[in-house]
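Undergrad: Below is a structure I'd like to ask you about.
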Amino acid sequence: MAKHVVIVGGGVAGTIIANLLARGLKEELSKAEVVITMVSKDDKHIYQPGFLYVLFDKMRPDELIRDQRSLLAPSIIFHHDTVVGIDPKAGEVHTEKGKKLKYDYLVIATGSRPMPELIPGLKEHGNMFYTLESAIESREKLRKFEKGRIAIAMGVPHKCPVAPFEVTFMLDDYFNKKGIRDKVEIYYTYPIGRIHTLEPVAQWGVPEFERRGIKYETLFNMEKVEAHNGTIAVHSAEGSTVECDLLITIPPHRGAQAIIDSGISNDGWVPTNRYSLKYEGYENVYVAGDTTNLPISKAGSTAHFESDVVADNLIAEIKEGHPARDYDGKVMCFIETGFDKGTYIHFNYTNPPSPMPPSKMIHWLKLGYNRMYWLTARGVL
Amino acid sequence: MADKVIDARGSFCPGPLMELIAAIKSNPVGTTIEVLSTDKGSVKDIPDWVKKVGHEMVGVEEKDGYWSIVVKKLK
Numbered sequence: 001m002a003k004h005v006v007i008v009g010g011g012v013a014g015t016i017i018a019n020l021l022a023r024g025l026k027e028e029l030s031k032a033e034v035v036i037t038m039v040s041k042d043d044k045h046i047y048q049p050g051f052l053y054v055l056f057d058k059m060r061p062d063e064l065i066r067d068q069r070s071l072l073a074p075s076i077i078f079h080h081d082t083v084v085g086i087d088p089k090a091g092e093v094h095t096e097k098g099k100k101l102k103y104d105y106l107v108i109a110t111g112s113r114p115m116p117e118l119i120p121g122l123k124e125h126g127n128m129f130y131t132l133e134s135a136i137e138s139r140e141k142l143r144k145f146e147k148g149r150i151a152i153a154m155g156v157p158h159k160c161p162v163a164p165f166e167v168t169f170m171l172d173d174y175f176n177k178k179g180i181r182d183k184v185e186i187y188y189t190y191p192i193g194r195i196h197t198l199e200p201v202a203q204w205g206v207p208e209f210e211r212r213g214i215k216y217e218t219l220f221n222m223e224k225v226e227a228h229n230g231t232i233a234v235h236s237a238e239g240s241t242v243e244c245d246l247l248i249t250i251p252p253h254r255g256a257q258a259i260i261d262s263g264i265s266n267d268g269w270v271p272t273n274r275y276s277l278k279y280e281g282y283e284n285v286y287v288a289g290d291t292t293n294l295p296i297s298k299a300g301s302t303a304h305f306e307s308d309v310v311a312d313n314l315i316a317e318i319k320e321g322h323p324a325r326d327y328d329g330k331v332m333c334f335i336e337t338g339f340d341k342g343t344y345i346h347f348n349y350t351n352p353p354s355p356m357p358p359s360k361m362i363h364w365l366k367l368g369y370n371r372m373y374w375l376t377a378r379g380v381l
Numbered sequence: 001m002a003d004k005v006i007d008a009r010g011s012f013c014p015g016p017l018m019e020l021i022a023a024i025k026s027n028p029v030g031t032t033i034e035v036l037s038t039d040k041g042s043v044k045d046i047p048d049w050v051k052k053v054g055h056e057m058v059g060v061e062e063k064d065g066y067w068s069i070v071v072k073k074l075k
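Residue numbers (this note's numbering), protein chains in the order written: chain A, 1 to 381; chain B, 1 to 75.
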């Protein structure tokens, strides 16, 4: 009997894992001893870090999109369908089109979704850049913005925890290059008591904000957004109100509806063992990417490094009967510090990050990676 | 015994307080949430935030190499 591996989700984690499995289990696939099936609600794969560049007119939207099928090894069966239920006790996945997929091994990689509707008024009055459509809409607002106050505010949790910094620095450079920075006030807010959750990043950021004339407020968790006569008022749970002419926002995120509807959790995150990356209580179910409930960054790089471990372990389990190694919490993120320089951080469960001074070289590396990402998705880089 | 436990030990990003804020937002009023943190700063950060937004601090306890901080969502 063939072993069936079902991968739910065709984002960074799902795609890397599928391709690594296809390579590592090539012989088993050719003998029909293993069948790999991916189910994804999207038939297009979008490079989400590119949204930030679309916002500032640095990348064109179609540069960020590939057909999902074109990224997958030919031996992978691809269903363009939405998973509506996961039944780990029965070992089944149910889809919107009525398919019932039995599995021996399951990978849950259903990701996260921005949900501005969780904060009253945010969808109507906030400008996102976490979807392609919203990045394009916000780009047009920025193009027309000539003077006034721009506030930056975010919901919790949100993916890509360095994006608040990146968008703020890039706004500063954007208006400097347009020659109207003196007419634009940039007001940054952050949910906890410092300007970034990573303490070394926050320590580096404070003098940088001051040098650039970026004002900030900490302990600011959006509760409600209103607009009167063109002025937007953002109210926080901590009791303060920030008024602005344009609100750039990163909304709170939730996991996939199928996770909630399956009774796995009430927020869409899957309870995951931090080392084995298995769904707690289920030896044949792996979890990777934003969909875990692990207290680590929801980011493409986290998904990438988790995927290497999940794929290695699945290959080892199928070939040798046991997993190969633990995930150590590895995360590595580039941080764009404007249009010309960048830095990066890397850390894991036991080693804290220590950002390097920003440089042009790291910025160029990031721009290069924006084009090389497709090799990552294919399991090559 | 808390209704929900967040094991934020070894979490540098997003960190224990951010994990707590996320859990407060996605759980009903009355839920007690225990945060496990290896970051000593949590012993001050979390109670400060809880007080500021009007939830209840149930307790803080030092354990073997980490802290247990229990919070009740009040609104």
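For every residue, glycine included, the Cβ atom is placed at its ideal position computed from N, Cα and C.
(1) Name, please, each residue of chain A whose Cβ falls closer than 7 Å to the Cβ of residue 11/B.
(2) Can you tell me the Cα-Cα spacing of residue 107/A and residue 76/A, whole angstroms?
(3) Compare the beta carbon distance of residue 287/A and residue 278/A with 9 Å and say whether it is the shorter of the two.
(4) If you follow the beta strand (DSSP E) that residue 56/B is part of, which residue opens it and which one closes it?
(5) Name, going along the chain, the residues of the stretch 229-246 of chain A whose beta-carbon falls closer than 8 Å to a beta-carbon of chain B.
(6) Identify the contact partners of residue 57/B in chain A, using a Cβ-Cβ distance below 8 Å as the criterion.
(7) Within 9 Å of any Cβ in chain A, is that where the Cβ of residue 71/B sits?
(8) Do you know offhand how far residue 8/A's Cα is from residue 87/A's?
(9) Counting only beta-carbon separations shorter than 9 Å, does residue 74/B have a partner in chain A?
(10) Would you please state the rounded distance, in angstroms, between the beta carbons of residue 338/A and residue 172/A? I believe it to be under 8 Å.
(11) In whole angstroms, what separates the C-alpha of residue 343/A from that of residue 333/A?
(12) Please go through the same chain and pick out, in chain order, the residues whose beta-carbon is closer than 8 Å to the beta-carbon of residue 308/A, but skip the five residues on each side of it.
(13) So the candidates are 242/A, 58/A, 206/A and 210/A; which of them puts its Cα closest to the Cα of residue 220/A?
(14) Answer yes if the stretch 43-50 of chain A comes into contact with the stretch 60-68 of chain A, meaning at least three C-beta pairs across the two stretches below 8 Å, and no otherwise.
(15) Distance check for residue 35/A and residue 30/B, CA to CA, integer angstroms please.
(16) Count the other C-beta atoms from every protein chain shown that fall within 10 angstroms of the C-beta of residue 1/A, then say buried if there are 16 or more, exposed otherwise.
(17) Use the C-beta contact count for residue 157/A: other C-beta atoms within 10 angstroms, 16 or more gives buried, fewer gives exposed.
(18) Would residue 331/A and residue 345/A be called neighbours here (beta carbons separated by less than 9 Å)?
(19) At a Cβ cut of 7 Å, what residues of the stretch 332-349 of chain A count as close to chain B, listed as they run along the chain?
(20) Give the secondary structure of residue 4/A by DSSP, where H, G and I count as helix, E and B as strand, and everything else as coil.
(21) Comparing C-alpha positions only, which one of 327/A, 214/A and 190/A sits nearest to residue 181/A?
(22) Taking the straight line between their C-alpha atoms, what separation do you get for residue 384/A and residue 237/A?
(23) Hey, would you say residue 19/B sits closer than 9 Å to residue 35/B, going by beta carbons?
(24) How would you call residue 37/B, buried or exposed, if buried means at least 16 neighbouring beta carbons within 10 angstroms?
(25) Give me whichever residues DSSP pairs with residue 46/A in a beta bridge.
(26) Can you check whether the CB of residue 130/A is closer than 9 Å to the CB of residue 114/A?
(27) Where do the N-terminal and C-terminal ends of the beta strand (DSSP E) with residue 20/B fall, by residue?
(28) Expressed to the nearest angstrom, what Euclidean distance is found between the alpha-carbon atoms of residue 43/A and residue 160/A?
TA: With the given structure in hand:
(1) Per Cβ cutoff of 7 Å: 295 and 296.
(2) So the alpha carbons of these two residues sit roughly 14 Å apart.
(3) Taking 9 Å as the Cβ cut-off, residue 287/A and residue 278/A qualify as a contacting pair.
(4) 56-62 is the span of the beta strand (DSSP E), which, as asked, contains residue 56/B.
(5) Closer than 8 Å at the C-beta level to chain B, one finds these residues of the stretch 229-246 of chain A: 237, 238 and 239.
(6) Simply none; closest approach about 16 Å.
(7) No, residue 71/B lies away from the interface with chain A (no Cβ there is under 9 Å from its Cβ).
(8) In this model, residue 8/A and residue 87/A are separated by some 13 Å (Cα to Cα).
(9) Cβ-Cβ to chain A under 9 Å: no for residue 74/B.
(10) Indeed, because the Cβ distance is near 7 Å, the residues count as touching under 8 Å.
(11) The alpha-carbon separation between residue 343/A and residue 333/A amounts to approximately 9 Å.
(12) Once the five neighbours on either side are set aside, the close Cβ partners of residue 308/A are 16 and 20.
(13) Nearest neighbour of residue 220/A by Cα position, chosen from 242/A, 58/A, 206/A and 210/A, turns out to be 242/A.
(14) A contact exists between the stretch 60-68 of chain A and the stretch 43-50 of chain A.
(15) One Cα belongs to residue 30/B, the other to residue 35/A, and the distance between them is close to 46 Å.
(16) Note on residue 1/A: under 16 other CB atoms within 10 angstroms of its CB, so exposed under the neighbour-count rule.
(17) So residue 157/A counts as buried.
(18) Cβ distance < 9 Å, so residue 331/A and residue 345/A count as in contact.
(19) Against chain B - using a Cβ distance shorter than 7 Å - the residues of the stretch 332-349 of chain A are 347 and 349.
(20) Three-state DSSP puts residue 4/A in a strand.
(21) Nearest to residue 181/A by C-alpha distance, out of 327/A, 214/A and 190/A, is 214/A.
(22) There is no way to answer for residue 384/A, as the model of chain A reaches only from 1 to 381.
(23) Between residue 19/B and residue 35/B, the C-beta gap is smaller than 9 Å, which places the two residues in contact.
(24) Burial call: buried.
(25) Partner(s): 65/A.
(26) Residue 114/A is a Cβ neighbour of residue 130/A, given a cutoff of 9 Å.
(27) Counting along the chain, residue 20/B falls outside any beta strand (DSSP E), though it belongs to the alpha helix (DSSP H) covering 16-26.
(28) CA-CA distance, residue 43/A to residue 160/A, rounds to 23 Å.
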